[in-house]
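Under UniProt numbering, the sequence shown has 29 at position 29, and the numbering climbs by one with no breaks.
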Amino acid sequence: MTSLSALKSLTIKGCLLIKSLPEMKWNWQALPHLTTLIIDGFGNEGNMESFLKEGLLPTSITSLEIHDFARLRGLDKNGLTQLTSLQTLELESDFGCYTKLN
C-alpha cells in the first residue's frame, strides 16, 4: 500500500456520493503534512450536508476552501476550532449562504 503521509495539498471535485467530510473511515490523521484542502462540488446536487466533524481533519491544515454544495448549510464549529493552524477559510456558494455554525 502506498503511503501519502507527505501529501501537502488535496483537491476533491464533484464527488456526488460524499455525504460528509471528513469521512470517518478515511484516516485523515495519516496526512500530517496536509496544509491545503479544497472541496468543490461543482454546483451539483450532491449529498454533502455536513462538514468538519470534530477531530477528524489534521491540525496541519492552513488553508481550507469549500465551494458549491447545494445541500451544505453549515459547519461544525468544534471541528473548525480544532484546526489550530488554519489561516485561510474560504466558503463559496452559488446557492446562498451557509446558514449554520453548529
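Here a beta-carbon is modelled for each residue, glycine too, at the ideal position from N, C-alpha and C.
Looking at the DSSP output, L64 sits in a beta bridge with L37, L89.
Taking every protein chain shown into account, the CB of G79 has 16 or more other CB atoms within 10 angstroms, so this residue is buried. About 5 Å separates the beta carbon of L37 from that of L64, a gap short enough to meet the 8 Å contact definition. In the assembly as shown, I12 is an exposed residue. Its beta-carbon has fewer than 16 other beta-carbons within 10 Å.
Annotation for E90: E65 place their beta carbon closer than 6 Å to its own, counting only its chain and skipping 5 residues before and after.
If you draw a straight line from the Cα of L57 to the Cα of K8, it comes to about 13 Å. In its chain, beyond the 5 residues on either side, P22, L56, L57, P58 have a beta carbon closer than 7 Å to the beta carbon of W28. Beta-bridge annotation (DSSP): S5 is not paired with any residue. For L57, there is no enclosing alpha helix (DSSP H), as DSSP gives it neither H nor E.
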